[in-house]
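Here's the structure, in structure tokens; my notes come after.
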Amino acid sequence: MSAQCENLPPQVVMRLAKEVRKLATEPPEGIKFLASEEENLGEVHAEIEGPVGTPYEGYFFELKLVLSGDFPNSPPRGFFLSKIYHPNVNDTSGDICVNTLKKDWTSTTTISHVLSVIRCLLIVPFPESSLNDEAGKLFMDSYEEYARRAKLMASVHARQSSSVTNPTSGDGKGDAASSKSETATSNAASSSSSATTTSTTTTTTTASKKKKAGGDDKKKAKKKNLNRL
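full-length UniProt numbering puts the first residue of the sequence shown at 1, with every later residue one more than the last.
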């Protein structure tokens, strides 16, 4: 246990142990508890899955909550261990700025709730209280460029899902277009082959009919000549 938490009352230690067990067995959506090799209730490590529809989608970010010796009367501090491009995360220290860890903190706030709020922060940043001024300004002025940078940084520093398209190849539209093009080409080739087959069959049938008609005409002419004799 960390030095900061050595003097915590037994009831607080029991509460922390209970919260950590629940976090491990019943985590909130998009949250995964990361067990530490050392039994240290002074820090809680977790992994957050990037929410769908955000530049962080398909990536997993590690963070930690560091508890103070006065917990739960004072809030823990949150840090992203995976480098992330976000208005409310310090780009150097990974320090997280969110009201739940400041003015909205109460002694009954749970660790699970804090982690859920941090994940929601990835959906709705608050650039007006940014720790990364560049990201905050870009978020307000050009969201498309902000999203591009956030996704690029995630691809370098975060754990990536196998279903994620590499951002350097675009947004995946190129692959979709290529697939559609291949399908269209295949269909066109199939149609062309079908048309060629139909044309060949028609030509063969017509030639056969002409040949048969010619043979009938010859038979009629021969019969007519015999009658004249």
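Built from N, CA and C at the ideal position, the CB exists for glycine as well.
Going by alpha carbons, who is nearest to residue i out of the options?
i      : options                        : result
Leu65  : Ile96, Thr92, Asn90, Tyr59     : Ile96
Ser112 : Pro55, Lys103, Leu23, Asp104   : Leu23
Thr92  : Asn99, Ser82, Val98            : Ser82
Ser33  : Leu41, Glu43, Glu47            : Here residue 33 turns out to be Phe, not Ser, going by the sequence shown. Selected option, being the one with the closest Cα: Glu47.
Val156 : His45, Glu128, Gly58, Gly30    : Gly58
Trp105 : Asn88, Pro75, Lys151           : Pro75
Pro87  : Val44, Val117, Ser161, Leu122  : Leu122
Ser129 : Ile84, Thr54, Glu19, Val89     : Val89
Arg149 : Gln160, Ser161, Ala135, Ala158 : Ala135
When the Cα atoms are used, what is the spatial distance from residue i to residue j?
i      : j      : result
Phe60  : Gly50  : 6 Å
Glu145 : Leu138 : 7 Å
Arg15  : Ser36  : 18 Å
Leu63  : Gly78  : 7 Å
Ala17  : Leu41  : 7 Å
Asp133 : Leu8   : 37 Å
Phe126 : Ile31  : 21 Å
So, helix, strand or coil for residue i, using DSSP?
i           : result
residue 230 : Examination of residue 230 is not possible in this model, given that the chain is present from 1 through 229 alone.
Ala46       : strand
Lys103      : coil
Glu62       : strand
Val12       : helix
Ile111      : helix
residue 247 : Nothing can be reported for residue 247: it is not among the residues displayed for the chain, which extend from 1 to 229.
Val20       : helix
Take the Cβ of residue i as the centre, count every other Cβ of all protein chains shown within 10 Å, and call the residue buried at 16 or more, exposed below.
i      : result
Glu26  : exposed
Lys103 : exposed
Thr108 : exposed
Val52  : exposed
Val124 : exposed
Pro55  : buried
Met153 : buried
Between residue i and chain B, is there a C-beta pair that is closer than 7 Å?
i      : result
Glu134 : In the displayed structure, chain B is absent; only one protein chain is listed.
Counting only runs of 4+ residues fully inside the segment 113-160, write out the alpha helix (DSSP H) ranges in chain order.
-> Whole alpha helix (DSSP H) segments, 4+ residues: 133-141, 143-157.
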